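Novice:
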Amino acid sequence: MGGFILETLTALLPGLLFLFYFVPVIFIIWFMVTLVKQMKVQTKLLEQIHEKLNSSE
């Protein structure tokens, strides 16, 4: 019984290591894309504020 568990863990180890390295990369890419989208929204809002301030002068 104990040998079966060890064999199973040994067989799953490469997949777990792949996930261990793959998941952080995906998270970093997701975070960067989200950050860029948020910065675009913020830039658009600031441009609108700038236009309103300039038009009132």
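Residue 6 in the numbering used here sits at position 6 of the sequence shown, with consecutive numbering throughout.
Glycine is no exception: its CB is placed at the ideal position from the N, C-alpha and C atoms.
Note that the structure is predicted; figures quoted are calculated from it, not measured.
Whole angstroms are fine: how far does the CA of W30 sit from the CA of Q48?
Specialist: Spanning the two alpha carbons is a distance of roughly 27 Å.
Novice: Measure the C-alpha to C-alpha separation of V25 and V41 and round it to an integer number of angstroms.
Specialist: So the alpha carbons of these two residues sit roughly 25 Å apart.
Novice: According to DSSP, is S60 helix, strand or coil?
Specialist: A query on residue 60 cannot be resolved here, the shown segment of the chain reaching from 1 to 57 and no further.
Novice: May I have the straight-line CA-CA distance separating E7 from L13, to the nearest angstrom?
Specialist: Distance between the alpha carbons of E7 and L13: 10 Å.
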